[in-house]
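**Student:** Got a structure for you, written out below as structure tokens; questions coming shortly.
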Amino acid sequence: MKICIDPGHSGPFEPGACAGGFNEADINWYIAKFAMAELKYRGHQALLTRGKKIDNDELAFRAECANEWQADLFISIHCNSAARIEADGTETYYYPGSRWGEQLARCIQFCMTDAMLTEDRGVKTADFQVLRETLCPAVLVECGFLSNPLDREMLTDSLEQWRMGAAIAVAVEDFQKIRKKFNPLAFADE
Ligand SMILES: [Zn+2]
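Take the sequence shown: its position 70, counting from 1, is numbered 69 in numbering that gives the first Met the number 0, and each next residue is one higher.
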């Protein structure tokens, strides 16, 4: 399969959530790199929507990247943040009404919370631009809360970043198995 991975935000220009001297854009990037490596190791093609640091805070190019490449799946990687530091855990979003988006979100939510033992905040719908404008099943995963000290420890540790990337790759394979059951002609060339 062809999986387009979108590290949320864009580096110093638009860092996303910031806490404890860390910024979300960098963390998203490392998790995305590990997810890409794990997917390639499993024989998939993977593409990142951005380089490590870019001067672009727009969103349109992310879905365009997936659409032009004719990706089978789109996965946007983010970290959450809240004023209440107790808020923690993982949640995954899909576009309302997208059946396969919901299935992919469920696979990712399960694999992430299972591997990382984070609080399971569930699968949710949202009208995010990156989900709305992508032509393939698309999800946005909020891996954990950068504003929560325990989640932050996980998010900023490179071994844990690799484990999150691996969980995403395992979720993609789970999704592929489920999808093949429903439509044997899908992904018939693999
Ligand atoms: Zn974000």
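Cβ coordinates follow ideal geometry from the N, Cα and C atoms, glycine included.
Given the structure is predicted, the values throughout are model-derived calculations rather than measurements.
(1) Would you kindly work out how many angstroms separate the C-alpha atoms of GLU90 and GLY164, rounded to a whole number?
(2) Helix or strand or just coil, what does DSSP make of LYS180?
(3) Rounded to the nearest angstrom, how far is the Cβ of ARG83 from that of ALA114, given a contact under 8 Å?
(4) Taking only runs that begin and end inside the segment 45 to 116, name each unbroken beta strand (DSSP E) of 3 or more residues, in chain order.
(5) What is the DSSP secondary structure of ALA16, counted as helix, strand or coil?
(6) Helix, strand or coil: which one does DSSP assign to PHE21?
(7) Any heavy atom of ligand 1 inside 7 Å of the beta-carbon of GLU23?
(8) Looking at the secondary structure, which residues open and close the beta strand (DSSP E) in which ASN11 lies?
(9) At which residues does the alpha helix (DSSP H) containing PRO148 begin and terminate?
(10) If we call anything under 8 Å between Cβ atoms a contact, is PRO208 one with LEU158?
(11) Which stretch, first to last residue, makes up the beta strand (DSSP E) that contains ARG120?
(12) What are the boundary residues of the beta strand (DSSP E) that LEU139 is part of?
(13) Report whether the distance from the Cβ of CYS142 to the nearest heavy atom of ligand 1 is below 7 Å.
**Tutor:** The relevant details are as follows:
(1) 15 Å
(2) helix
(3) Contact flag wrong, Cβ pair sits at about 25 Å.
(4) 72 to 79 and 89 to 93
(5) coil
(6) strand
(7) yes
(8) As written in the sequence, residue 11 is Pro, which differs from the Asn given in the question. Here PRO11 belongs to no beta strand (DSSP E), and DSSP marks it neither H nor E.
(9) 148 to 154
(10) The displayed coordinates of the chain run from 0 to 189. Any statement about residue 208 would go beyond what the structure contains.
(11) 119 to 124
(12) 137 to 144
(13) no
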